[in-house]
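J.:
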Amino acid sequence: MIPLYFDPGTGALIVQFLAAAVAGVLLFYRTVVHKIKSVFGIKNKAEDDLMDDTILRKISNKWKTQEDFFI
């Protein structure tokens, strides 16, 4: 006969295992999709906007001096 008793520690371990497995699968999927897209040169619009030089210039021009930073 197989004992079917799960104490709270075992239950927490099972929940943690399931959460880690789901997170691992999602991150693996995202990495594979990103690599496939990079091979074909496909980019999302959000990725292009994230590192746009004009946005970075606007941010750096806003805080030119230390006095402006502490206002």
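Every position in the sequence shown, counted from 1, becomes a number in our numbering once 1 is added.
Glycine included, every Cβ here is placed at the ideal spot set by N, Cα and C.
1. Please report the residue range of the alpha helix (DSSP H) in which LYS38 lies.
2. If we ignore side chains and look at the alpha-carbon of each, how far apart do LEU19 and LEU28 end up?
3. In angstroms with no decimal places, state the Cα-to-Cα distance between LEU5 and GLN17.
4. Compute the Euclidean distance between the alpha carbons of ILE15 and ALA22, then round it to the nearest angstrom.
5. Skipping 5 residues on each side, what residues in its chain have a beta carbon closer than 8 Å to that of ARG31?
T.: In terms of the structure at hand:
1. Sequence index remark: in the sequence shown, residue 38 carries index 37 (1-based). From DSSP, the alpha helix (DSSP H) with LYS38 extends over 9 to 41.
2. Working through the sequence shown from its first residue, we reach residue 19 at position 18. Working through the sequence shown from its first residue, we reach residue 28 at position 27. C-alpha of LEU19 to C-alpha of LEU28: approximately 14 Å in a straight line.
3. Mapped onto the sequence shown, residue 5 falls at position 4. Mapped onto the sequence shown, residue 17 falls at position 16. Each residue's Cα considered, the two are about 19 Å apart.
4. Along the sequence shown, read from residue 1 onward, the residue named residue 15 stands at position 14. Along the sequence shown, read from residue 1 onward, the residue named residue 22 stands at position 21. ILE15 and ALA22 have their C-alpha atoms spaced approximately 10 Å apart.
5. As a working note, residue 31 is residue 30 in the sequence shown. So the list is empty, once near-sequence residues are dropped.
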